[in-house]
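Q: Top line first, the protein sequences correspond to chains A and B.
This note's numbering puts the last residue of the first sequence at 239; the count rises by one with no breaks.
This note's numbering puts the last residue of the second sequence at 511; the count rises by one with no breaks.
Quick one: this structure, given as structure tokens, is what I'll be asking you about.
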Amino acid sequence: MHFNPALLFDYWPLLLQGAWLTVQVSAFALVIGYAAGVAVAMFALMPGWLPRLAAGLYIETLRNIPFIILIFVVYYGLPFSGIRLPATVAGTLALALFVSAYYAEIVRAAILALPRGQFESARAIGMSPVQAMRHVVAPQILRALVPPSTNMTLTMMKESAVLSSITVPELTYQSLVVQGNTFAPFEVFAAVASIYWLIAIVIAEFSRRLERRVGAAQIESINRNPIAERYLSLVARRA
Amino acid sequence: MTAPPVLRVSALTKCFFGTAAVDDLYLDVHEGEIVALIGPSGCGKSTLLRCLTWLEQPDDGFIEVTGKPFGRELTNGGVVRRHSRREIDALRPKIGIVFQQFNLWPHMTALENVVCPQVVVLGRPRVEAVRRGEEQLARLGLAERMDRHPRALSGGQQQRVAIARALAMDPALMLFDEPTSALDPELVGEVLSVLRSLAEVGMTMLVVTHEIGFAANVADRIAFMDRGRILEEGPAHDIIAAPREPRLRNFLDLVLANRPHAIPGTRINKTE
Numbered sequence: 001m002h003f004n005p006a007l008l009f010d011y012w013p014l015l016l017q018g019a020w021l022t023v024q025v026s027a028f029a030l031v032i033g034y035a036a037g038v039a040v041a042m043f044a045l046m047p048g049w050l051p052r053l054a055a056g057l058y059i060e061t062l063r064n065i066p067f068i069i070l071i072f073v074v075y076y077g078l079p080f081s082g083i084r085l086p087a088t089v090a091g092t093l094a095l096a097l098f099v100s101a102y103y104a105e106i107v108r109a110a111i112l113a114l115p116r117g118q119f120e121s122a123r124a125i126g127m128s129p130v131q132a133m134r135h136v137v138a139p140q141i142l143r144a145l146v147p148p149s150t151n152m153t154l155t156m157m158k159e160s161a162v163l164s165s166i167t168v169p170e171l172t173y174q175s176l177v178v179q180g181n182t183f184a185p186f187e188v189f190a191a192v193a194s195i196y197w198l199i200a201i202v203i204a205e206f207s208r209r210l211e212r213r214v215g216a217a218q219i220e221s222i223n224r225n226p227i228a229e230r231y232l233s234l235v236a237r238r239a
Numbered sequence: 240m241t242a243p244p245v246l247r248v249s250a251l252t253k254c255f256f257g258t259a260a261v262d263d264l265y266l267d268v269h270e271g272e273i274v275a276l277i278g279p280s281g282c283g284k285s286t287l288l289r290c291l292t293w294l295e296q297p298d299d300g301f302i303e304v305t306g307k308p309f310g311r312e313l314t315n316g317g318v319v320r321r322h323s324r325r326e327i328d329a330l331r332p333k334i335g336i337v338f339q340q341f342n343l344w345p346h347m348t349a350l351e352n353v354v355c356p357q358v359v360v361l362g363r364p365r366v367e368a369v370r371r372g373e374e375q376l377a378r379l380g381l382a383e384r385m386d387r388h389p390r391a392l393s394g395g396q397q398q399r400v401a402i403a404r405a406l407a408m409d410p411a412l413m414l415f416d417e418p419t420s421a422l423d424p425e426l427v428g429e430v431l432s433v434l435r436s437l438a439e440v441g442m443t444m445l446v447v448t449h450e451i452g453f454a455a456n457v458a459d460r461i462a463f464m465d466r467g468r469i470l471e472e473g474p475a476h477d478i479i480a481a482p483r484e485p486r487l488r489n490f491l492d493l494v495l496a497n498r499p500h501a502i503p504g505t506r507i508n509k510t511e
């Protein structure tokens, strides 16, 4: 047997098409999933047991079933409630549902890590919960959110490979097609692995930039040495 | 008819798991008055302050701020009506609170800490909010520190930013939670002078404190709290010189045994 990547020559467009769909599906799942995740996190933090219970059920349900089963349930379950969606849409929704549970946990943990007094002082001065979240809590947790969210986004992008099992023509699905036509599995999957790798690298680089940008204001104040600052301010007062 | 007290607390009760932290408590604070609330740890002082800002929801009782009911009210039909979140938030700026740990927002500069709530809560135009913020900060001696972030300020400066933040909302009443406890002992005098300067412009204040000497120095009236109730209250002088309640006497003995020069009754001369 010889390693012969030239076999793939005719199939590049198919693979690229699949890669593009993978990117699109992941991007939609990221946006929808994050919005849902933030909403669920807010529910989880509301006073009272009912919203907390609802959020807990949501998170635990989605975290505790295998992703492929979740896809099947969404794809084959929706028609029962009279909703017939194309595989790609159903798959994207399933993917969004799946990540939203994890995003919710990330957001919830970041908010809980902030001292409670921050939210309370905003409330005590008259801000509504939404205003307090927006002006006081959110700016302080954005930077902390980026690394774990990136991790989850990378995982989610890779999990999108499972959508091939409900015939969504994304990268993995196309690779199976190409493999069937060429009978050269190693060449095909090596190529597909590199494409996934490339997409992941791009996401990681994007997140690095985002982290730098979001954190710009905070880095400025963190980089200053607080002890030195305090010393200088005390000296300045004496003078 | 005389004006209603700035703060009127009646029959306030707050239980934690069956234990009353605040137990059927009554307290009036009149305009321009400084009332110090003293008492042993765990007597419910901080819980009371949290109830007064509705951060903790009292189980029973009523709070009135400048005659307006806050949180719940007794309607004409004798039915207790709970206020909506919006109604509560609308009255909250009237009650300024300075927390023990100040709780400044670290991602904003000192000035922005003071400006942001004015714009967000009161809807003031930014220009006006900035003008008022600068005015308040300058009055508290922070003119040179406005563009610093809280972490670049000393404890005393942070506290004054927190005071400015509350004052900029035009409160009718200021609450202070242990204003001396998070600061170096040498700064206590500074806090005292800040509170005195607020008193000069007629601000009404309720100060929760452990430091009996501080209470004696700053307050017109002292209220002694124990087990969720106010056991004794009266002019600062009388309370310390001639406590009637045995528990207050005990408390004073204990505090004074530790720091014999904390309350030199003779050295306090508020009239001078």
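Where a beta carbon is used, it is the ideal one built from N, C-alpha and C, also for glycine.
Values in this document were obtained by computation on a predicted structure and should not be read as measured data.
Please report the residue range of the beta strand (DSSP E) in which K307/B lies.
A: K307 to F309
Q: Starting from P418/B, follow its DSSP beta bridges and name the residues at the other end.
A: None; P418/B has no bridge partner.
Q: Just to confirm, are Q140/A and Q17/A a CB contact at a threshold of 9 Å?
A: no
Q: Can you give me, in chain order, the residues of the segment 96-121 of chain A that have a beta carbon less than 8 Å from any beta carbon in chain B?
A: P115, G117, Q118, E120 and S121
Q: Figure out for me which residue from G395/B, T348/B, R390/B and L431/B has the closest Cα to the Cα of G372/B.
A: From the listed residues G395/B, T348/B, R390/B and L431/B, the smallest Cα separation to G372/B is found for T348/B.
Q: Looking only at its own chain, which residues have a Cβ that is under 7 Å from the Cβ of I334/B, when we skip the five neighbours before and after it?
A: Counting only Cβ-Cβ distances below 7 Å, and skipping sequence neighbours, we find L291, T292, V304, P410, L412 and L414.
Q: Under DSSP, the beta strand (DSSP E) around G278/B begins and ends at which residues?
A: Where G278/B is concerned, there is no enclosing beta strand (DSSP E), given that its DSSP letter is neither H nor E.
Q: Check D262/B in the structure and name its three-state DSSP category.
A: strand
Q: May I have the straight-line CA-CA distance separating A132/A from P332/B, to the nearest angstrom?
A: 14 Å
Q: Between the C-alpha atoms of A190/A and E205/A, what's the straight-line distance to the nearest angstrom?
A: 23 Å
Q: Which residues in chain A sit within 7 Å of D328/B, going by Cβ to Cβ distance?
A: G126 and S128
Q: When Cβ atoms are compared, which residues of the segment 256-270 of chain B fall closer than 7 Å to chain A?
A: none
Q: Mind checking whether L431/B and F453/B have CB atoms under 9 Å apart?
A: Yes, Cβ-Cβ distance for L431/B and F453/B is below 9 Å.
Q: Quick one: does the C-beta of D409/B sit closer than 8 Å to a heavy atom of the ligand COA?
A: In terms of ligand content, the structure shown is empty, and the ligand COA therefore cannot be addressed.
Q: Does R324/B get closer than 9 Å to chain A when you measure Cβ to Cβ?
A: It does; some Cβ of chain A falls within 9 Å.
Q: Give me, in chain order, the residues of the same chain whose beta-carbon lies closer than 6 Å to that of E429/B; leave out the 5 immediate sequence neighbours on both sides.
A: G395
Q: Assuming K284/B contacts L276/B (C-beta within less than 8 Å), just tell me the rounded distance between them.
A: 5 Å
Q: Do E187/A and T22/A come within 9 Å of each other at the CB atom, strictly closer than that value?
A: No. Outside cutoff.
Q: What separation, rounded to the nearest whole angstrom, lies between the Cα atoms of V358/B and W197/A?
A: Rounded to whole angstroms, V358/B to W197/A spans 47 Å at the Cα level.
Q: Please identify, using Cβ separations under 7 Å, the residues of the segment 346-379 of chain B that lie next to chain A, in order along the chain.
A: H346, C355, P356, V359 and V360
Q: Mind checking whether A29/A and L78/A have CB atoms under 9 Å apart?
A: Their beta carbons are not under 9 Å apart, which means A29/A does not touch L78/A by this criterion.
Q: Only counting the same chain, and skipping five residues up and downstream in sequence, which positions put a Cβ closer than 7 Å to that of L85/A?
A: L78
Q: List the residues of chain B whose Cβ lies closer than 7 Å to the Cβ of H135/A, in chain order.
A: C355 and V359
Q: Under 9 Å, Cβ to Cβ, is there at least one residue of chain A near P482/B?
A: no
Q: Pull up the distance between the alpha-carbon of W20/A and that of V74/A, whole angstroms please.
A: 23 Å
Q: Give me the Cα-Cα distance between I195/A and H2/A, rounded to the nearest whole angstrom.
A: 22 Å
Q: Quick check on DSSP: helix, strand or coil for F256/B?
A: Note: F256/B maps to coil in three-state DSSP.
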